[in-house]
Amino acid sequence: MFPLIKNIPKFRTALLSWYDAEQRPLPWRTTPSLYRTVVSEFMLQQTQVKTALPYFDQWMHQFPDFDTLAKADIELVLKYWEGLGYYNRARNLHKLAKAIIQLDEPPKTPEQWKLLPGIGDYTSAAITSIAQNYPAAVVDGNVVRVLARISNENKCFSSNGQAVEFFRATAESLLDPIRPGDANQAIMELGATVCVKAATNCPTCPVQSFCSSYKSGDPKSLPNIVRPKRTKVFIDRAIIIKENSILLHKIPSNAKRLSDHFELPNFEAFNINLDAQNESVRKHSIKRRSISNQSIVETLYKINSPLAETVTQTVTQTVEEPTQQEAYWVDLKSINSILLSGPHKRWIEELKEEV
DNA sequence: AAGTCGGGGCT
DNA sequence: AGCCCAGACTT
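For the first sequence, the positions run 43 to 397 when the numbering used here is used.
This is how it looks when you write it as structure tokens:
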């Protein structure tokens, strides 16, 4: 199955011993539970540990168990996800809690877990192995990188998904059947702290003697995966402030992204006819961010009187069209009571300082 | 199989 | 600017 590792038991022992000694003291490890494992795995989808950490603690304080989460309003749930991104994760986690409390007992196998929203191949294996001692191997980005290097596999994968499927059998063969949860966390921990992209920590690697690319290859060049390029997106937004209130619009609940979140008005969405020469318009700042395969450049324009009144009227008229976004005046002192994406929240906090 | 999710850390 | 991150879901 995996000729490069002659002695799989020794590999498992080396990895687990290292993990027992060197693992980071993460909150979902120090006091584990099924609920904490589920929440952490949702937060960690496409999100680094460092980013999720503060959210996890606040979440646990507000929603300590499935029952509390299931009975909470979705608005409050989203509030505690505010800024983390990929907000369907929060909606799915909320739906999952509602489903779990209706069951006599939690699902037991990856197949059963995958019937619940937001749970796929990775998360089902992670939950069952970590919280239920079920022998399912995880294959995430860390595992792919570690296994590609250990096996010195320089094949070019046309997508991340293809690489995941390629290494699944290997991951299964290396999984320690006695401690599957720790074994899974150990190989991910190795990828996150030792076998990192730059491959600078090979001298301290606990499985260096098993690593084919360290012996005769180029670890830092592996894995070889074609990544989709980020496309640039340009957005112009309006800053309209009147008596300590700012004009925002709310994205409809049925929108595909950022539903129920507030944003600075988008020129295109409101069909604002911007005359750059207009003295009421002043370029405020340029903001850059990115999500997945998009790199977004947003230009914020401060709009003053008398154009501000005209624009406000335009925005207000737009409210009549139900498919459009609704406009609201929001007091700058109470922006914590509405839902904002991370970037918008930061921008408006900055504007508060200027007013 | 590819695109989307409008996030962010790191080099 | 590019790559990656404890991915899942839609089309």
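All C-beta atoms in this analysis are idealised placements derived from N, C-alpha and C, irrespective of residue type, glycine included.
| task | Can you grab the Cα-Cα spacing for the pair T365 / A297, in whole Å? | result | For T365, the predicted model reports a pLDDT of 49, less than 50, meaning its position is unreliable; a value from the coordinates is still stated below. So the two alpha carbons sit approximately 9 Å from each other.
| Inter-residue CB distance, P265 and L57 (contact presumed, cutoff 8 Å) | 19 Å between Cβ atoms; not a contact.
| request: May I ask you to report which of helix, strand or coil DSSP gives N346? | output: coil
| said: Please report the distance separating the alpha-carbon of L68 from that of V181. | reply: 20 Å
| query | beta strand (DSSP E) containing S273: first to last residue? | reply | Note that residue 273 corresponds to Thr in the displayed sequence, not to Ser. Segment 273 to 281, the beta strand (DSSP E) holding T273.
| said: Under 8 Å: do the stretch 160 to 174 and the stretch 217 to 226 share three or more Cβ pairs, one atom per stretch? | reply: yes
| query | Along the chain, where does the alpha helix (DSSP H) that runs through E214 open and close? | reply | 202 to 216
| Exposed or buried, what is V397 when buried is set at 16 or more other beta-carbons lying within 10 Å of its beta-carbon? | exposed
| Are the CB atoms of E368 and I277 nearer to each other than 8 Å? | no
| query | Once you ignore the five residues that flank D62 on each side, which residues in its own chain have a CB closer than 7 Å to its CB? | reply | none
| message | So, for L189: in the same chain, excluding its five sequence neighbours on each side, which residues have a beta-carbon less than 7 Å away from its beta-carbon? | response | F209, T212, A213
| Of all the options S334, C198, F304, which has the alpha carbon lying nearest to the alpha carbon of V268? | C198
| Is D373 helix, strand or coil when you go by DSSP? | strand
| task | Keeping to the same chain, check which residues put their C-beta closer than 6 Å to that of A426; ignore five residues upstream and five downstream. | result | Lying outside 43 to 397, the shown extent of the chain, residue 426 is not represented and no answer is given.
| Can at least three beta-carbon pairs, one atom from the stretch 323 to 330 and one from the stretch 302 to 311, be found at a separation below 8 Å? | no
| query | What separation, rounded to the nearest whole angstrom, lies between the Cα atoms of S166 and Y97? | reply | 22 Å
| said: Can you list, in chain order, the residues of its chain with a C-beta nearer than 7 Å to that of Q100? Leave out the 5 residues immediately preceding and following it. | reply: Y122
| Which two residues bound the contiguous alpha helix (DSSP H) that contains R187? | 183 to 192
| request: Decide if the stretch 81 to 95 is in contact with the stretch 272 to 290; the criterion is three or more beta carbon pairs, one per stretch, under 8 Å apart. | output: no
| query | What first and last residue would you give for the alpha helix (DSSP H) that runs through R78? | reply | 76 to 85
| request: Could you pull out every unbroken alpha helix (DSSP H) segment of at least 4 residues lying fully inside the stretch 77 to 160, listed in chain order? | output: 91 to 104, 108 to 113, 116 to 121, 130 to 142, 152 to 155
| request: If I'm right that L306 touches E117 with Cβ under 8 Å, what's the distance once you round it to whole angstroms? | output: Between E117 and L306 the Cβ distance is about 20 Å, and since that is not below 8 Å, they are no contact.
| task | Please report how far the alpha carbon of K394 lies from the alpha carbon of L374, in whole angstroms. | result | 6 Å
| field | Backbone secondary structure at Q65 - three-state DSSP | value | coil
| said: Tell me which residue opens and which closes the alpha helix (DSSP H) that S171 is part of. | reply: 163 to 174
| query | By Cβ distance, which residues of its chain are closer than 6 Å to A112, with the 5 residues on each side in sequence left out? | reply | A139, K140, I143
| query | Three-state secondary structure (DSSP) at E363? | reply | Only weak support is given to the placement of E363: the predicted model assigns it a pLDDT of 47, under 50, and the value that follows is read from those uncertain coordinates. Note: E363 maps to coil in three-state DSSP.
| field | Assigned secondary structure, R324 (DSSP; H/G/I helix, E/B strand, else coil) | value | strand
| Terminal residues of the alpha helix (DSSP H) in which I229 lies | 222 to 235
| task | Measure the Cβ-Cβ separation of A240 and K262 and say whether it is below 8 Å. | result | yes
| said: I need the straight-line Cα distance from T73 to R133, nearest angstrom please. | reply: 25 Å
| task | Put E395 into one of helix, strand or coil per three-state DSSP. | result | helix
| Quick one: what does DSSP say I267 is sitting in, helix, strand or coil? | strand
| Buried or exposed: which applies to R191, given that a residue is buried once 16 or more other Cβ atoms fall within 10 Å of its Cβ? | buried
| task | Pick helix, strand or coil for R299, following the three-state DSSP scheme. | result | coil
| Reference L76; option with closest CA among E231, L232, E391, A168 | A168
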